[in-house]
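Peer 1: My questions will all concern the structure given below.
Below, the structure written as structure tokens:
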């Protein structure tokens with residue numbers, strides 16, 4: 150689950166892709182409108198030198214393993230937002246911090262992952278330097294009402310759907 154949303158299984162993650170599942174709908178990214186392949190291409194172009202993941206600190210041991218993580222890499226490529234605007238990285242290291250609760254069984258096999266972080270912390274730094282400044286939005290559109298909640302799978306009672 151992402152940010153307390155409904156549980157999503159590994160098959161769904163494999164079908165929609167990790168970026169789409171974990172980001173969902175934000176002001177500048179639409180996980181629901183990109184395929185797994187499209188999202189992978191977007192972020193491969195954004196982080197052409199790689200985008201690593203590491204565990205920073207473990208707070209508790211099995212069966213409920215709580216840990217702090219970091220996703221990081223040099224933003225040296227170009228990010229294309231959901232409206233087709235392109236933004237150029239400056240090579241600085243991009244850092245995204247979050248928490249995860251991994252529930253494991255007696256054989257230490259992961260049974261569930263609950264991931265917590267702010268999806269806007271992933272996208273907002275990527276949209277700071279437009280490649281073509283003629284595409285700049287006048288007056289901003291922060292309150293356009295077209296953004297959804299906390300990424301990924303949205304709770305919907307018995308019917309849980311992606312994005």
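Residue numbers (my numbering): 150 to 312. Yeah, the Cβ is synthetic: ideal placement off N, Cα and C, and Gly gets one too. This one's a predicted model, so the numbers in the text were calculated from it and none came from an experiment.
(1) Helix, strand or coil for residue 180 per DSSP?
(2) On a Cα-Cα basis, can you pick out the residue from 175, 201, 274, 163 that is closest to residue 220?
(3) How many whole angstroms separate the CB atoms of residue 245 and residue 266, which I take to be in contact at a CB cut-off of 8 Å?
(4) For residue 241, does the three-state DSSP call read helix, strand or coil?
(5) Please work out which residues of its chain come closer than 6 Å, Cβ to Cβ, to residue 235, disregarding the five sequence neighbours upstream and downstream, and give them in chain order.
(6) What would DSSP say about residue 209, mapped onto helix, strand or coil?
(7) From the DSSP output, read off the bridge partner residues of residue 201.
(8) Do residue 268 and residue 191 have their beta-carbon atoms positioned less than 7 Å apart in this structure?
(9) Mind reading off the beta-carbon distance from residue 257 to residue 211? Whole number of angstroms is fine, and I expect it under 8 Å.
(10) With residue 272 and residue 161 assumed to form a contact (beta carbons below 8 Å), what rounded beta-carbon distance in angstroms separates them?
(11) Following the continuous beta strand (DSSP E) through residue 261, name the residue where it begins and the one where it ends.
(12) Along the chain, where does the alpha helix (DSSP H) containing residue 195 start, and where does it finish?
(13) Of the choices 262, 199, 243, whose alpha-carbon is the least far from that of residue 277?
Peer 2: So, from the data block:
(1) Here residue 180 refers to the residue found at position 31 of the chain shown. The answer is helix: DSSP assigns residue 180 an H, G or I state.
(2) By 1-based counting over the chain shown, the position of residue 220 is 71. Of the candidates 175, 201, 274, 163, the one whose C-alpha sits nearest the C-alpha of residue 220 is 201.
(3) One-based indexing of the chain shown puts residue 245 at position 96. One-based indexing of the chain shown puts residue 266 at position 117. Contact flag correct, Cβ pair sits at about 7 Å.
(4) On the chain shown, residue 241 is found 92 positions in, with the first residue counted as 1. The answer is coil: DSSP assigns residue 241 none of H, G, I, E or B.
(5) In the chain shown, the residue the question calls residue 235 occupies position 86. Hits under 6 Å: 227, 229, 280.
(6) Here residue 209 is taken as the residue at index 60 of the chain shown, counted from 1. Note: residue 209 maps to coil in three-state DSSP.
(7) By one-based count along the chain shown, residue 201 stands at place 52. In DSSP, residue 201 forms a bridge with 221.
(8) Counting from 1 along the chain shown, the entry for residue 191 is found at position 42. Counting from 1 along the chain shown, the entry for residue 268 is found at position 119. Their beta carbons are not under 7 Å apart, which means residue 191 does not touch residue 268 by this criterion.
(9) On the chain shown, residue 257 is found 108 positions in, with the first residue counted as 1. On the chain shown, residue 211 is found 62 positions in, with the first residue counted as 1. Indeed, because the Cβ distance is near 6 Å, the residues count as touching under 8 Å.
(10) The count along the chain shown starts at 1 and reaches residue 272 at position 123. The count along the chain shown starts at 1 and reaches residue 161 at position 12. So it is not a contact: roughly 21 Å between Cβ atoms.
(11) Along the chain shown, read from residue 1 onward, the residue named residue 261 stands at position 112. Looking at the DSSP string, the run of the beta strand (DSSP E) that includes residue 261 is 259-265.
(12) Numbered from its first residue, the chain shown carries residue 195 at position 46. Residues 185-195.
(13) One-based indexing of the chain shown puts residue 277 at position 128. Comparing Cα-Cα distances from residue 277 to each of 262, 199, 243, the minimum goes to 243.
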